[in-house]
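Reading through the structure tokens given below for one structure.
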């Protein structure tokens, strides 16, 4: 019977050089390969913003769009 913790964090000595297990990361620590995906997401959301402005429902859909927009980018 294994009584050790199977979810224990890896030992920092076994990690590759330059890599740490520090959970506090800078906001700039993302791969530049994501830039195209960010740009595409902003273009798509821009189109949806324009489309929701043009709807004649007294701005309800546009307000819902901005809630979804802010929540999506907060999660990103």
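Numbering (our numbering), first residue to last: 837 to 912.
All residues carry an ideal CB built from backbone N, CA and C; glycine is no exception.
In this structure, the CA atom of residue 895 is about 10 Å from the CA atom of residue 901. Around the beta carbon of residue 876, fewer than 16 other beta carbons lie within 10 angstroms, which makes this residue exposed. Excluding residues up to 5 positions away in sequence, 888, 889 lie with their Cβ nearer than 6 Å to the Cβ of residue 898 in the same chain. Rounded to the nearest whole angstrom, the C-alpha separation of residue 873 and residue 903 is 21 Å.
Per DSSP, reduced to three states, the secondary structure at residue 901 is helical.
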